[in-house]
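So that you can map any letter, position 107 of the sequence shown is 417 in my numbering, and since no number is skipped, the others follow by simple counting.
Note that beta-carbon positions come from the ideal geometry of N, C-alpha and C, so glycine has one too.
Right, one structure below, let's go through it.
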Amino acid sequence: MVTRRELLLGLVRRVAPQSPLSGLDAEVRAADAAFASGDFVLARERYRAVLRTQRDHHEARVRLGICFYKLGEFLQAKDTLAMAVRHRPADPLARAYLGLSYAQRGQVEKALAAWEGFMDPDNIPLTREINLWRALAESGEPVDVPAMVAAVEPLLG
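Written as structure tokens, this is what we have:
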């Protein structure tokens, strides 16, 4: 006779996810660890490896774009983050860094367009700052790009 406990444990073992054979979770964890430690060169390479095996991994793509940005590779950051925003237009982190990437390349209008309707309920100071710069531009005032970047970057953590 099978007890309820044995039946339940048998089902749990059968349904429980198995360790991935590809090691993808380990690759993502390694990339995330490099990113968290500020080693953006290593994180960039690890996120690229993740995206080679799983092209639709949104978080890896966003973090790859942030790595490019942190390394001063603004064209690559813009391209990578634009792809992420196309797939998830409401992603506030991707949109914030996409706007900054445009700004760093001197494309103020595109930066402000990337931030149109920006809202991050988890980071109200960032939302307020981005919308302040948009309002300033819409009022006809010239936008001081270095000041805008200097005001927005620290709010991203």
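Fully enclosed beta strand (DSSP E) runs of no fewer than 3 residues are not present anywhere in the region 343 to 410.
DSSP places V462 in the helix class (H, G or I) of the three-state scheme. In the structure shown, D335 falls within a helical segment according to DSSP collapsed to helix, strand and coil.
Only buried fits D430, as 16 or more other CB atoms lie within 10 angstroms of its CB. Approximately 15 Å separates the beta-carbon atoms of A413 and A404; this is outside 8 Å, ruling out the contact. Counted as a single uninterrupted DSSP element, the alpha helix (DSSP H) harbouring N441 occupies residues I434 to E448.
If you ignore the 5 residues before and after L352, its C-beta comes within less than 6 Å of the C-beta of A344, all in its own chain and listed in chain order.
Counting C-beta atoms within 10 angstroms of its own C-beta, I376 has 16 or more neighbours from the protein chains shown and is therefore classed as buried. In the structure shown, P456 adopts helical secondary structure according to DSSP, grouped into three states.
A341 counts as buried, since no fewer than 16 other beta carbons sit within 10 angstroms of its beta carbon.
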